[in-house]
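Working notes, structure below.
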Amino acid sequence: MAAQKKAHKFFSLKKRLLLIGGSIFLFCFIIFVAIAMLLNNKAIELFEKHEEISMLSAAVKLMMYEKEDLSLQCADWGAWNETYRFVDELNKEYADANLNEASMKNINVEAIALFRLDTDTPISITALSGSDTEVIVRSAMKFVEGMNRTTFNHKIKPRTGFEVCNDSAVIISAHPILLGGFRGSQKGIIVMVRRIGKDMLERLGSITGSTIEI
């Protein structure tokens, strides 16, 4: 009888130990799962943030590429003997060959304006059909305001920036009009306007994975 009681007591103790051990194991398992889920959520959150940063970085790079490309186009036309001559003579040959829709579409610009050194009013402005020429002229004049009487010359990079033009975004670049090879004295300023249009927004949207409207 005493042996049975002793055995029963032993098994009861063993059962309690198993229950305690099982409870501790279950508690530790729950803590482990909770920590794992937390770390997993953090990892997903960090991954999503990394993806967002990567997409935004790609979009910014595209915009900077467009800005740099317009700067190069403007500098190319600004330091050109034919442009230099046109500012003096307003010769029809230059206008017919270059200041037309085909040329502007080829370099992806909305408008081209030319200013003489002594005035802030353009001597020539050409815009794509359907463009709000008056608004573009105002934006170009505002962009170059005071530049003709400053030290803005071939030693300075083209002045290029983003502007809002009639509720849409544009890139505007200005460059001094010089002889080829960036020689000679400054004759005036050439301004090019590139609209951030549907095609560019679609490219940005494909990079960011969202619809972008301006």
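Going by the numbering used here, 89 is the number at position 87 of the sequence shown; the sequence numbering is gapless. Cβ atoms here follow ideal geometry from the backbone N, Cα and C, with glycine treated the same way.
Cα atoms of P124 and G190: separation of roughly 10 Å, rounded to the nearest angstrom.
Taking 8 Å as the cut-off, the beta carbon of F184 is found closer than this to the beta carbon of A81.
Looking at the DSSP output, I173 shares a beta bridge with F164 and R196. Spatial neighbours of I138 in its own chain (CB-CB distance under 7 Å, excluding positions within 5 residues in sequence) are listed in chain order as E112, A113, A129, C167 and V195.
Taking C-alpha positions only, W79 is separated from H177 by approximately 9 Å. As for any alpha helix (DSSP H) of minimum length 4 sitting wholly inside the stretch 83-109, the runs are 83-91, 94-100 and 103-108, ordered along the chain.
For F145, the enclosing alpha helix (DSSP H) has its first and last residue at T135 to V146.
K94 and Y86 have their C-alpha atoms spaced approximately 14 Å apart. The Cβ-Cβ distance between I198 and L72 does not fall below 8 Å.
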